[in-house]
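Heads up: the structure comes next, in structure tokens.
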Amino acid sequence: MNAGWTVLLLCSCVCSLVTGFVVEELTLCEPGNAKGENVTFNYFVNFNRQPIVIFDKDSKMFVPSGPYQVAAVISYYLNINTSMVENMQEKEKRCKMEVVEYWESTVERTAKPSMKVFLPDAFRGQASHTLICQVWGFYPSDISVSWVKNDRIVLSNTTDAIPAGDWTYQVVAKQDLKDLTPDDEYTCVVMHPTLDEVMTMSWKQGLTSSQIIKISISSVIFSLGFIVALAGFFWWTYSKRSGYVQMETHSEAD
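For my numbering, count along the sequence shown from 1 and bump the result up by 22.
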């Protein structure tokens, strides 16, 4: 029989004369510091949310706790059950192993950020005057994102790092371009604990994606028109030559 069910069954039998009671077993597994070290294992048997039996890790025995006299009886029966003591030792061992694994996969987990800098497409015919630096996929959340204009740090509107829903964070830094000149160059600078060096990405005024698409379509149409015109010219030249037949002439002397 499972050790937990053994405890609950034993307590239920001892406390059967009491009505309206709740008996539960509680296992606590807690790290002792911010690095996940010095893991503490505790095991309790509670009666109406009050501990009546605890497992003493030093003596490897169950000891009574609380004002209930029945706690001594429960402790006695648990201690003579060698499988219960062995089960507690196994739980303590598993507790420490699982805390280390959990700590490494969560608290100590790191992820390097990714970034992109872009100018949003025009909306309803109005060009955007806000440059966007989007940074995502990083962990932990501590990060620094700033804008540099022509080698000079400028103020920007940067959001707080927010969870992305996959144990990583994301942040957006916006830069106003109302005073933009053709020679201006903007650089988004990202600093994060996972990076060996500062991550940067620059942007300079140029064609927007919508303009590039329009130019590409126009180029394709022009190329097709040129090919059709050239083909028509060669066809006309060829048909003119193949359709010419020299007529025979006769002189009056003949």
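Glycine included, every Cβ here is placed at the ideal spot set by N, Cα and C.
Asked: Rounded distance between the beta-carbons of Gln-227 and Asp-206, thought under 8 Å; Found: 7 Å
Asked: Residues bridged to Ala-133 [DSSP beta-bridge criterion]; Found: Tyr-161
Asked: Backbone CA spacing between Arg-131 and Cys-210 [nearest angstrom]; Found: 26 Å
Asked: Ala-195: first and last residue of the uninterrupted beta strand (DSSP E) it sits in; Found: 191-198
Asked: Gln-156 versus Ala-186, Lys-171, Lys-113, Ser-105, residue with shortest Cα-Cα distance; Found: Ala-186
Asked: Local conformation of Phe-43 per DSSP, three classes; Found: coil
Asked: Span separating the alpha-carbon of Ala-253 from that of Ser-238; Found: 22 Å
Asked: Residue burial classification, Ala-251 (beta-carbon count within 10 angstroms, cutoff 16); Found: exposed
Asked: Length of the line joining the Cα atoms of Phe-66 and Ile-76; Found: 5 Å
Asked: Buried/exposed call for Ser-81, threshold 16 Cβ in 10 Å; Found: exposed
Asked: Assumed close pair Glu-46, Asn-68 - CB separation to whole angstroms, cut-off 8 Å; Found: 5 Å
Asked: Buried or exposed by the 16-neighbour rule on C-beta atoms within 10 Å, applied to Val-242; Found: exposed
Asked: One or two residues paired with Ile-154 in a DSSP bridge; Found: Phe-140, Lys-196
Asked: Residues near Thr-62 by beta carbon distance below 7 Å, same chain, minus five either side; Found: Glu-52, Gly-54
Asked: Supposed close pair Met-221, Pro-135 - CB separation, criterion 8 Å; Found: 7 Å
Asked: For Phe-171, the three-state DSSP class (helix, strand or coil); Found: This sequence places Lys at residue 171; Phe is not what is there. In the structure shown, Lys-171 sits in a strand (DSSP, three-state: E or B).
Asked: Validate contact between the stretch 122-129 and the stretch 100-112 using beta carbons, cut 8 Å, 3 pairs; Found: no
Asked: Supposed close pair Trp-169, Tyr-208 - CB separation, criterion 8 Å; Found: 6 Å
Asked: Per DSSP, the bridge partner or partners of Phe-77; Found: Phe-84
Asked: Spatial distance of Tyr-161 from Thr-49 (CA atoms); Found: 31 Å
Asked: Arg-116 to Ser-87 span [Cα, whole Å]; Found: 25 Å
Asked: DSSP three-state assignment for Thr-222, whether helix, strand or coil; Found: strand
Asked: Alpha carbon of Gly-247 to alpha carbon of Tyr-191, nearest angstrom; Found: 50 Å
Asked: Whole-angstrom distance between Asp-188 and Phe-140, CA atom to CA atom; Found: 24 Å
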